[in-house]
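Note sheet for the following structure.
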Amino acid sequence: EESEVTESANFTNDLGADSLDTVELLMEFERVFGIKIPDEETSTIATVKDAIDKVKEKLASKEEA
Numbered sequence: 004e005e006s007e008v009t010e011s012a013n014f015t016n017d018l019g020a021d022s023l024d025t026v027e028l029l030m031e032f033e034r035v036f037g038i039k040i041p042d043e044e045t046s047t048i049a050t051v052k053d054a055i056d057k058v059k060e061k062l063a064s065k066e067e068a
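One rule links them: number in this note's numbering = place in the sequence shown (from 1) + 3.
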């Protein structure tokens with residue numbers, strides 16, 4: 004449910020995503036935002052806020068390049 008999606012929501016525990024769902028979501032972020040999130044960095048993304056912060060970080064790095 005949309006109301007369950009908050010910055011603190013955990014993809015697995017709160018939103019019911021499994022590891023494949025999370026990988027697919029991160030791949031979609033990469034596609035939509037034109038960024039690359041290395042595999043070694045994906046393990047730190049557990050919440051909606053983690054994902055937002057990672058996308059912002061990668062967008063900022065992209066702009067600096």
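Backbone N, C-alpha and C fix where the C-beta goes; we use that ideal spot for every residue, glycine too. Treat the numbers as computed from the prediction; the structure is a model and nothing was measured.
Rounded C-alpha distance that separates residue i from residue j
{"i": "K52", "j": "E67", "result": "23 Å"}
{"i": "L54", "j": "D24", "result": "Per the sequence shown, residue 54 should be read as Ala rather than Leu. The straight-line gap from Cα to Cα measures roughly 13 Å."}
{"i": "K65", "j": "I38", "result": "7 Å"}
Cβ neighbour criterion (16 or more within 10 Å) applied to residue i
{"i": "A63", "result": "exposed"}
{"i": "K61", "result": "buried"}
Same chain, Cβ closer than 7 Å to residue i, neighbours up to 5 away in sequence not counted
{"i": "E7", "result": "D17, L18"}
Cβ shell of residue i (< 6 Å), same chain only, five flanking positions each side left out
{"i": "I48", "result": "A54, K57"}
Cut-off 8 Å between Cβ atoms - residues of its own chain near residue i, not counting five sequence neighbours on either side
{"i": "A20", "result": "F14, L28"}
{"i": "E10", "result": "T50, V51, K52, I55"}
Start-to-end residues for the alpha helix (DSSP H) that takes in residue i
{"i": "I55", "result": "51 to 67"}
Whole runs of the alpha helix (DSSP H) within the segment 10 to 42, excluding any shorter than 4 residues:
22 to 36
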